Amino acid sequence: MRKILMPAAILSLFVAGPAIGQPSLTGSNPSAGSTTPRTDRLRLLFSEPIDARASTVQLVMTDMPGMPHHGAMRMAAIDVKPGKDGRSLDIGAKAPFPAGTYRLDWTIASKADRSRASGQLTFSLETVPK
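The working numbering puts the first residue of the sequence shown at 1, with every later residue one more than the last.
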């Protein structure tokens with residue numbers, strides 16, 4: 001029995017342990033696939049603290065009501081800031097984003113090990129009748 005356990009114990013020293021997981025998106029406001037009233041604030045929430053300086057966000061309007069031939073349009077006037085919790089990014093504008101459908105592309109880096117993750121989500125903003 002001892003002859004079997006000793007080689008197994010030595011071999012276990014050379015086997016890699018579990019890898020640290022990549023950061024992942026755990027929530028957003030608006031949520032993926034939702035339709036909500038127009039807003040000037042978006043938020044991405046992640047599974048672990050992120051390095052906001054090494055993270056990028058791009059907001060693209062992919063469809064605009066009443067304009068069937070509207071091509072994709074990158075929203076340039078956005079402000080991206082790290083959330084106070086260290087696990088989120090807050091995306092803002094000076095005025096509410098126009099009604100339409102959007103794609104939010106993101107790439108983030110983990111604060112712990114600099115591993116990177118990226119993804120995208122789509123949502124729609126609508127004008128609420130008064």
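Heads up, the beta-carbon is just placed ideally off N, CA and C, and yes, glycines get one too.
Fair warning: this is a prediction, and the values are worked out from it, not measured in the lab.
For D40, which residues of its own chain have a beta-carbon under 8 angstroms away from its beta-carbon, when the five flanking residues on both sides are left out?
G92, A93, K94, A95, P96, F97
Quick one, are the C-beta atoms of R103 and F46 less than 8 angstroms apart?
no
By the DSSP assignment, the beta strand (DSSP E) with F46 in it spans what residues?
41-46
Identify which residue in D79, P23, P30 has its Cα closest to the Cα of T101.
P30
Cβ-based neighbour list, T127, same chain, cut-off 7 angstroms, excluding 5 preceding and 5 following
R38, A99
Confirm, please, whether the CB-CB distance from W106 to S115 is below 8 angstroms.
no
Coarse secondary structure for R53, derived from DSSP in three states:
helix
Quick one: residues in its chain with C-beta nearer than 6 angstroms to the C-beta of R74, no 5 flanking neighbours on either side, listed in chain order?
V60
Three-state secondary structure (DSSP) at Q22?
coil
For the beta strand (DSSP E) containing I108, name the first residue and the last one.
100-109
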